[in-house]
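J.: Pasting a structure here, questions to come.
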Amino acid sequence: MTNKTEHDDLTKLAIKYDTDKWGSHYYTQHYHTFFQHLRNQPIKFLEIGVGGYNNPKKGGESLRMWKEYFPKAQIYAIDIFDKSPLEEERITIFKGSQIDESFLEKICNEVGNFDVIVDDGSHINDHIIKTFQILFHKLNQDGIYAIEDLQTSYWRHFGGDSLNFNNKSTAMNYFKNMVHGLNFQEFHNPFYKPSFYDKNITGMSFFHNMLFIQKGNNCEGTNVMKDNIDITLKIRIKYFKRKIISHIYDLFR
Ligand SMILES: C[S@@+](CC[C@H](N)C(=O)[O-])C[C@H]1O[C@@H](n2cnc3c(N)ncnc32)[C@H](O)[C@@H]1O
Numbered sequence: 010m011t012n013k014t015e016h017d018d019l020t021k022l023a024i025k026y027d028t029d030k031w032g033s034h035y036y037t038q039h040y041h042t043f044f045q046h047l048r049n050q051p052i053k054f055l056e057i058g059v060g061g062y063n064n065p066k067k068g069g070e071s072l073r074m075w076k077e078y079f080p081k082a083q084i085y086a087i088d089i090f091d092k093s094p095l096e097e098e099r100i101t102i103f104k105g106s107q108i109d110e111s112f113l114e115k116i117c118n119e120v121g122n123f124d125v126i127v128d129d130g131s132h133i134n135d136h137i138i139k140t141f142q143i144l145f146h147k148l149n150q151d152g153i154y155a156i157e158d159l160q161t162s163y164w165r166h167f168g169g170d171s172l173n174f175n176n177k178s179t180a181m182n183y184f185k186n187m188v189h190g191l192n193f194q195e196f197h198n199p200f201y202k203p204s205f206y207d208k209n210i211t212g213m214s215f216f217h218n219m220l221f222i223q224k225g226n227n228c229e230g231t232n233v234m235k236d237n238i239d240i241t242l243k244i245r246i247k248y249f250k251r252k253i254i255s256h257i258y259d260l261f262r
């Protein structure tokens with residue numbers, strides 16, 4: 010963690026707008042690392058979860074922070090409660106659930122795809138997974154998908170599990186297993202069919218309670234493999250044969 014007294018620009022704004030993204034959590038230092046190159050871009054930014062729960066006038070702290078941090082961005086948010094009184098110039102809020110696919114589709118049809126998506130909504134494990142499965146497709150190329158509060162992966166009342174760390178239904182396990190896909194081109198398996206995520210995730214970075222997923226074309230190629238077949242295998246077999254022959258030759262000399 011960075012020195013708590015030397016704040017980056019985003020952490021200063023988190024303190025100014027009193028969001029728990031710094032103080033209760035220490036997320037802004039990581040956000041600053043991943044987002045600073047986008048600061049002056051006219052990006053579309055979506056945050057799930059406005060804050061303040063059923064009080065329509067409460068919450069919105071992080072939205073105001075993002076608005077100042079990204080001066081050219083359009084900030085969008087969704088919340089299960091009506092948060093329309095918190096809308097302001099460059100901040101648009103939709104009411105609906107993060108797992109309602111038709112609601113999310115409707116938003117994307119209206120505003121287009123996003124450059125950044127932050128999930129700070131219900132934090133229920135299957136919601137986190139389902140929302141990602143819907144919205145990762147709505148993220149632009151080179152976009153960033155961030156998920157907060159993954160500690161709920163260990164909390165039963167959120168669908169988590171502290172006893173079985175291989176429990177497939179937790180969000181941490183879902184994303185942890187996805188990490189292999191970053192290297193799918195190296196699998197020794199010519200029958201392997203890469204998934205959409207294999208081909209479109211270029212980076213996954215885990216921090217305390219949070220995760221960043223970078224979208225891009227994950228097809229750099231490899232120095233050894235082509236279509237999941239080791240192209241150096243023939244060369245190595247030839248070399249190995251030669252070695253055996255010379256060894257036998259030496260024996261009978
Ligand atoms: C932790 S607060 C968000 C805080 C805010 N992002 C911030 O940093 O200031 C979580 C919000 O998610 C909303 N929420 C809960 N379940 C939801 C769901 N299924 N879909 C959308 N929003 C939900 C809650 O109403 C609440 O306002």
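Numbers 10 to 262, taken from the working numbering, label the letters of the sequence shown in order.
Positions of the beta carbon are idealized from the N, C-alpha and C atoms, including for glycine.
Bear in mind the structure is a predicted one, so any value in this text is a computation, not a measurement.
Can you tell me which of the three DSSP states W75 falls into?
T.: Numbered from 1 along the sequence shown, position 66 holds the residue referred to as residue 75. Residue state, collapsed to three classes: helix.
J.: Can you round the beta-carbon distance between N173 and N149 to whole angstroms, since I take them to be within the 8 Å contact cut?
T.: Locating residue 173 in the sequence shown gives position 164, counting from the first residue. Locating residue 149 in the sequence shown gives position 140, counting from the first residue. 36 Å between Cβ atoms; not a contact.
J.: Have a look at F221 and I100 and give me their C-alpha separation to the nearest angstrom.
T.: On the sequence shown, residue 221 is found 212 positions in, with the first residue counted as 1. On the sequence shown, residue 100 is found 91 positions in, with the first residue counted as 1. Distance between the alpha carbons of F221 and I100: 23 Å.
J.: For S255, count neighbouring Cβ atoms within 10 angstroms of its own Cβ and tell me buried if that reaches 16, exposed if not.
T.: If you number the sequence shown from 1, residue 255 lands on position 246. Counting Cβ neighbours within 10 Å, S255 comes out exposed, since fewer than 16 surround it.
J.: Determine, using beta carbons only, whether D128 and I57 come nearer to each other than 7 Å.
T.: Against the sequence shown, residue 128 aligns to sequence position 119. Against the sequence shown, residue 57 aligns to sequence position 48. For D128 and I57, yes; Cβs fall inside 7 Å.
J.: If you reduce the DSSP assignment to three classes, tell me which class T211 lands in.
T.: Indexing the sequence shown from 1 puts residue 211 at position 202. Correct three-state label for T211: strand.
J.: I'd like the ranges of any beta strand (DSSP E) spanning at least 3 consecutive residues and lying wholly in the stretch 63-109.
T.: DSSP runs (the beta strand (DSSP E)) wholly in the stretch 63-109: 83-88, 100-104.
J.: Report whether the distance from the Cβ of S131 to the nearest heavy atom of ligand 2 is below 6 Å.
T.: Annotation note on ligand 2: not contained in the displayed structure, which lists ligand 1 as its ligands.
J.: What are the start and end residues of the beta strand (DSSP E) that includes I57?
T.: As a position in the sequence shown, residue 57 is number 48, starting the count at 1. Note, I57: beta strand (DSSP E), 53-57.
J.: Can the beta-carbon of Q160 be found closer than 7 Å to that of N218?
T.: Position 151 of the sequence shown, counted from the first residue, corresponds to residue 160. Position 209 of the sequence shown, counted from the first residue, corresponds to residue 218. Cβ atoms of Q160 and N218: closer than 7 Å.
J.: Do three or more CB pairs link the stretch 171-189 to the stretch 82-92 at distances below 8 Å?
T.: With the cut-off at 8 Å, the stretch 171-189 and the stretch 82-92 do not touch.
J.: From what residue to what residue does the alpha helix (DSSP H) around Q142 run?
T.: Mapped onto the sequence shown, residue 142 falls at position 133. 134-144 is the span of the alpha helix (DSSP H), which, as asked, contains Q142.
J.: Which whole-angstrom value is the C-beta distance of K30 and S71, which I expect to be below 8 Å?
T.: Within the sequence shown, numbered from 1, the residue matching residue 30 stands at position 21. Within the sequence shown, numbered from 1, the residue matching residue 71 stands at position 62. Yes, K30 and S71 are in contact; Cβ-Cβ is about 6 Å, under 8 Å.
J.: Under the rule that 16 or more other beta-carbon atoms within 10 Å means buried, what is S131, buried or exposed?
T.: On the sequence shown, position 122 is the one that residue 131 refers to. Buried, because 16 or more other Cβ atoms sit within 10 Å of the Cβ of S131.
J.: Tell me where the beta strand (DSSP E) around K224 begins and ends.
T.: As a working mapping, residue 224 is identified with position 215 in the sequence shown. Counting along the chain, the beta strand (DSSP E) containing K224 begins and ends at 219-224.
J.: I'd like the list of long-range same chain contacts for D135, defined as Cβ closer than 6 Å, with 5 residues on each side in sequence excluded.
T.: The residue given as residue 135 occupies position 126 in the sequence shown. G168, listed in sequence order.
J.: Please identify the residue among E77, I108, G60 whose C-alpha is closest to the C-alpha of D91.
T.: Here residue 91 corresponds to residue number 82 of the sequence shown, with the count starting at 1. Checking every option, the nearest Cα to that of D91 belongs to G60.
J.: Taking the alpha carbon of F44 as the point to measure from, which residue in K252, R251, E229, Q223 has its own alpha carbon closest?
T.: As a first step, residue 44 is located in the sequence shown; it is residue number 35 there, counting from the start. Comparing Cα-Cα distances from F44 to each of K252, R251, E229, Q223, the minimum goes to Q223.
J.: Any chance the CB of D88 is under 6 Å from a heavy atom of ligand 1?
T.: Taking the sequence shown and counting its residues from 1, one reaches residue 88 at position 79. Yes, since a heavy atom of ligand 1 falls inside the 6 Å radius drawn around the Cβ of D88.
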